[in-house]
Amino acid sequence: MTRFAWGAASDTGRVRQANEDSFLVVDGLFAVADGMGGHQAGEVASHLALESLQSGFTAAGTDVLVRAVEDANRILVERSTTDPELVGMGTTLVAMALVEASGRDAIGVVNVGDSRLYLLSDGNLAQITEDHSLVATMERQGRLTAAEAAVHPQRNILTRALGIDGTVLVDSWEMLPVIGDRYLICSDGLFNEVDESRIAATLRRLADPNETCRELIRLANEGGGRDNITCVIVDVVDDAGRDPKADPANRVRNSHTGGDLTVPEPPGADPKPTRAPGVLRSSFTWRVGVFIAAFVFVILTGFAFIWWTGTKTWYVGVDGDKVAIFHGKPGGVLWIEPTLAEDSELLIANVPRSAVIDVQNGVEQPSLESARTFIDNLVEQNLKASTTTTLAASLGASTSSTTTTTVQ
Ligand code: MG
């Protein structure tokens, strides 16, 4: 008969004002939920989800566990649509339970969101659940490395959560209980602050599940404690409390007597969900919505800015052999070419030499009026210059004539 020993702890962390995580530990059913939503809504969501899970888990089957999660989702959606205080609330949920499969004990696992279930087996830590988050999706698509995903600014954006949509896709697994295996259920407040090698070392080092949970929380707070932290540890122990490591035959026998159950994957191997996890399906959470809205806003603002600079600005340049006024930026902005607004009578040949290069490159002006004034100034400078030249020329001529006269 499969028996468990367990411990749990939860902490607000060092930054948040309230703890929106909840956990459930009753014999044979263990879960963590990480709630979200304004005011008290996150707390309500995670608490309500676990309450519904417990009352819906009426028989020891993985399918019953899945239905209990689906029912919890419906209850959350109902509450958030009828209570204005709770609009937009949602929660993650990961649970493991002792179930029966083909007449044998099994561990049923369900997951929605980015809280996690890890398994420490023979000293190796493996993540069993798959995160339903934007960064995890990008990582699976090869667009982010694990290291980039771990520090990505959008790593808290979920692609699936309870309480958002009337239907929810629940991932589920059935594991073979193996004596000596240690399961860890935790919220992201743990693994975002403590790297997995450190989590594994702590799980190996400390025996008592409660003490181990408290130590993991201490490490998460030491790492920053920027989120609520919740840990539930479940050890698979035999009824006589024997040390499984001293009796390796136990493990082999259990593996082979598992009936239809899958022998646990070697650590690090991909877990096999009995339902394919959907990618971004029924998963349009409010966090995704806000992210997309912000993204669209930035893009539109960018386009508006380019359009404005490309069309609502002025400059004085050259059109053929004349000085002219153009709409837009000299040389254009991206795909927006400048357009001719009006020609002037001033020939580029008559522009004062000091201003020719500037005009050829385009001289930006704040308005059409100032562009006209700029050209008027050029005309005026040209007139002055030509008067001076004429004057100098006539003066030069009379001097020469005087000289000539003198010589004569
Ligand atoms: Mg969290």
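When we follow my numbering, the leftmost residue of the sequence shown carries the number -2, and every step to the right adds one. A virtual CB, placed ideally from N, CA and C, is assigned to each residue, including glycine.
- Between the stretch 171 to 178 and the stretch 108 to 119, the count of C-beta pairs closer than 8 Å reaches three or more; the two stretches touch.
- Residues of the same chain with a CB within less than 6 Å of the CB of residue 216, apart from the 5 flanking positions on each side, are 191 in chain order.
- Between residue 307 and residue 326 the beta-carbon gap is near 6 Å, inside 8 Å, which marks them as a contact.
- In this structure, residue 230 keeps its C-beta atom at 9 Å or more from the C-beta atom of residue 218.
- The continuous alpha helix (DSSP H) containing residue 59 extends over residues 59 to 79.
- Rounded to whole angstroms, the gap between the alpha carbons of residue 341 and residue 365 is 13 Å.
- The stretch 65 to 76 and the stretch 124 to 144 do not touch, with fewer than 3 CB-CB distances between them shorter than 8 Å.
- In the structure shown, the three-state DSSP call for residue 187 is helix.
- For residue 0, the enclosing beta strand (DSSP E) starts and ends at 0 to 8.
- Here residue 352 carries a helix assignment [DSSP, helix/strand/coil].
- The distance from the Cβ of residue 92 to that of residue 28 is about 4 Å, consistent with a contact at the 8 Å cut-off.
- Not one heavy atom of ligand 1 lies closer than 8 Å to the C-beta of residue 7.
- The three-state reading of DSSP puts residue 99 in coil, since its state is none of H, G, I, E or B.
- In the three-state reduction of the DSSP assignment, residue 305 falls in the helix class.
- Each residue's CA atom was taken as its position, placing residue 166 and residue 58 some 18 Å apart.
- Counting only the Cα atoms, residue 302 lies some 50 Å from residue 49.
- Residue burial annotation: residue 374 is exposed, with fewer than 16 other C-beta atoms found within 10 angstroms of its C-beta.
- Its chain contains 10, 13, 185, 186 and 189 as the residues whose beta carbon lies nearer than 7 Å to that of residue 224, once the 5 sequence neighbours on both sides are disregarded; these appear in chain order.
- Going by DSSP, residue 53 is part of no beta strand (DSSP E) but of the alpha helix (DSSP H) stretching over 38 to 53.
- By alpha-carbon distance to residue 321, the top candidate from 309, 335, 331 and 2 is 335.
- Around the Cβ of residue 324, a 10 Å sphere holds 16 or more other Cβ atoms; the residue is buried.
- In the three-state reduction of the DSSP assignment, residue 104 falls in the strand class.
- In this structure, residue 328 lies near residue 359, with their beta-carbon atoms less than 9 Å apart.
- Measuring C-alpha to C-alpha distances from residue 37 to each of 87, 67 and 25 identifies 87 as the nearest.
- Residue nearest to residue 333 within the set 339, 54 and 310 is 310 (criterion: CA-CA distance).
- Beta-bridge annotation (DSSP): residue 113 is paired with 183.
- Residue 304 counts as exposed, since fewer than 16 other C-beta atoms from the protein chains shown sit within 10 angstroms of its C-beta.
- Between ligand 1 and residue 121, a heavy atom-to-CB distance of less than 8 Å is absent.
- In the assembly as shown, residue 69 is a buried residue. Its beta-carbon has 16 or more other beta-carbons within 10 Å.
- Listed in chain order, the non-local C-beta contacts of residue 4 below 6 Å within the same chain comprise 206, 207, 210 and 230, local neighbours out to five positions each way being set aside.
- Here the alpha carbons of residue 34 and residue 42 stand approximately 8 Å from one another.
- With a threshold of 16 other beta carbon atoms within 10 Å, residue 194 falls short and is exposed.
- Within the same chain, and ignoring the five residues on either side of residue 163 in sequence, the residues whose Cβ sits closer than 6 Å to its Cβ are 74.
- Excluding residues up to 5 positions away in sequence, 322, 323, 325, 326, 327, 335, 359, 360, 361, 362 and 368 lie with their Cβ nearer than 8 Å to the Cβ of residue 312 in the same chain.
- With fewer than 16 other Cβ atoms inside 10 Å of its own Cβ, residue 370 counts as exposed.
- Within its own chain, the residues whose Cβ lies closer than 6 Å to the Cβ of residue 376, once the five positions on either side in sequence are excluded, are 343, listed in chain order.
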